[in-house]
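S.K.:
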Amino acid sequence: MIEDLAERKAQARRVVRQLKKDYADAECALNFDSPFQLLIATILSAQCTDVRVNIVTKDLFAKYPTAHDMAVAPVKTLEKMVQTTGFFRNKAKNIHAASQALVDDYDGEVPQDLAKLVELPGVGRKTANVVLGTAFGIPSGIVVDTHVGRLTRRLGLTEKADAVKVEEELMEVVPKKEWIDFSHRLIHHGRAVCNARKPKCEACHFLKFCPQEGVS
DNA sequence: ATCCCGAGGG
DNA sequence: CCCTCTGGAT
942 MIEDLAERKA QARRVVRQLK KDYADAECAL NFDSPFQLLI ATILSAQCTD VRVNIVTKDL
1002 FAKYPTAHDM AVAPVKTLEK MVQTTGFFRN KAKNIHAASQ ALVDDYDGEV PQDLAKLVEL
1062 PGVGRKTANV VLGTAFGIPS GIVVDTHVGR LTRRLGLTEK ADAVKVEEEL MEVVPKKEWI
1122 DFSHRLIHHG RAVCNARKPK CEACHFLKFC PQEGVS
């Protein structure tokens, strides 16, 4: 257990250094042509692989490329188009309502502001941080999804379960200039090596400073 | 059976 | 804090 702040900072430096070594070219795996499309793709990515999101958004963005287009789309049509991403009724309702809100309040543009983004239907801190970081290059927070939460806990950077608390603790120990790439790289590592079910500890370059030394 | 780049509501 | 929404992948 790493409890001391200085100790967690030291651990964070090791993690950041190894992430840069292993995942130098971190990039968002979601396909998009605009901040609006990234926002929609990120809403759809809940409990769903990015590969499937990209399959769905290919047709979705061809038909409704902008907030103005999606705001006037029939919700039933949206439900059918996003059906295979799961939670499809909520997601269809949210992407429709969020598009309408963007048209009403921001002339169809995506605001570059965390508080305004989080007010949009279906947009929480995770989605807002993805859009601000990846579409606008603004490190307004650290994206904490299921991968980032799991890996930072395994690596001893936090012991919190709540995503907001995890983000707070990470922001204490990870330099701000690293925030955007930090999450992308952890997510890549979480998918490729340190996955939830059967982590490949024998192939993991982080093992030498991982407190788990093999999770069950 | 269990997890996937969550959010909203109770 | 908990629960619900949901299909796909393994």
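For the first sequence, position 111 (counting from the first letter as 1) is numbered 1052 according to the numbering used here, and the numbering increases by one without interruption.
No residue lacks a Cβ here, since even glycine has one placed at the ideal position from N, Cα and C.
When the distance is taken between beta carbons, is arginine 1091 closer than 8 Å to glutamate 1100?
M.R.: No, the Cβ-Cβ distance between glutamate 1100 and arginine 1091 is not below 8 Å.
S.K.: Tell me the rounded alpha-carbon separation between glutamate 1108 and glycine 1078.
M.R.: In a straight line, the C-alpha of glutamate 1108 is about 18 Å away from that of glycine 1078.
S.K.: Grab me the residues of asparagine 1031's own chain with a C-beta within less than 8 Å of its C-beta, minus the 5 sequence neighbours each way, in chain order.
M.R.: Result list for asparagine 1031: Gly1063, in chain order.
S.K.: If you draw a straight line from the C-alpha of aspartate 1054 to the C-alpha of isoleucine 1128, how long is it?
M.R.: Their Cα atoms are separated by approximately 24 Å.
S.K.: Where valine 1134 and alanine 1144 are concerned, what is the direct C-alpha to C-alpha distance, given to the nearest angstrom?
M.R.: So the alpha carbons of these two residues sit roughly 7 Å apart.
S.K.: How should alanine 1069 be labelled, buried or exposed, when 16 other C-beta atoms within 10 angstroms of its C-beta is the threshold for buried?
M.R.: It counts as buried.
S.K.: Spell out a yes or no on whether the stretch 985 to 994 and the stretch 1004 to 1017 are touching, meaning 3 or more CB-CB pairs, one atom from each, closer than 8 Å.
M.R.: The stretch 985 to 994 is not in contact with the stretch 1004 to 1017.
S.K.: Using the beta-carbon count (16 or more within 10 Å), is threonine 983 buried or exposed?
M.R.: With 16 or more Cβ atoms within 10 Å of its Cβ, threonine 983 is classed as buried.
S.K.: Can you tell me whether glutamine 952 is buried or exposed? The criterion is at least 16 other CB atoms within 10 Å of its CB, across all chains shown.
M.R.: Label assigned to glutamine 952: buried.
S.K.: What first and last residue would you give for the alpha helix (DSSP H) that runs through glycine 1063?
M.R.: That residue, glycine 1063, is in no alpha helix (DSSP H); it is neither H nor E in DSSP.
S.K.: Note down the Cα distance separating lysine 1139 from serine 1081, rounded to an integer number of angstroms.
M.R.: Each residue's Cα considered, the two are about 32 Å apart.
S.K.: Using a 10 Å radius around the Cβ and a threshold of 16 neighbouring Cβ atoms, would you call glutamine 1024 buried or exposed?
M.R.: Answer is exposed; the Cβ neighbour count stays below 16.
S.K.: So the candidates are Arg1132, Cys1142, Val1013 and Ala1042; which of them puts its Cα closest to the Cα of tyrosine 964?
M.R.: When only C-alpha atoms are compared, the closest one is Arg1132.
S.K.: My output table needs one value for serine 1081: the three-state DSSP class, helix, strand or coil.
M.R.: Reduced to three states, the DSSP call for serine 1081 is coil.
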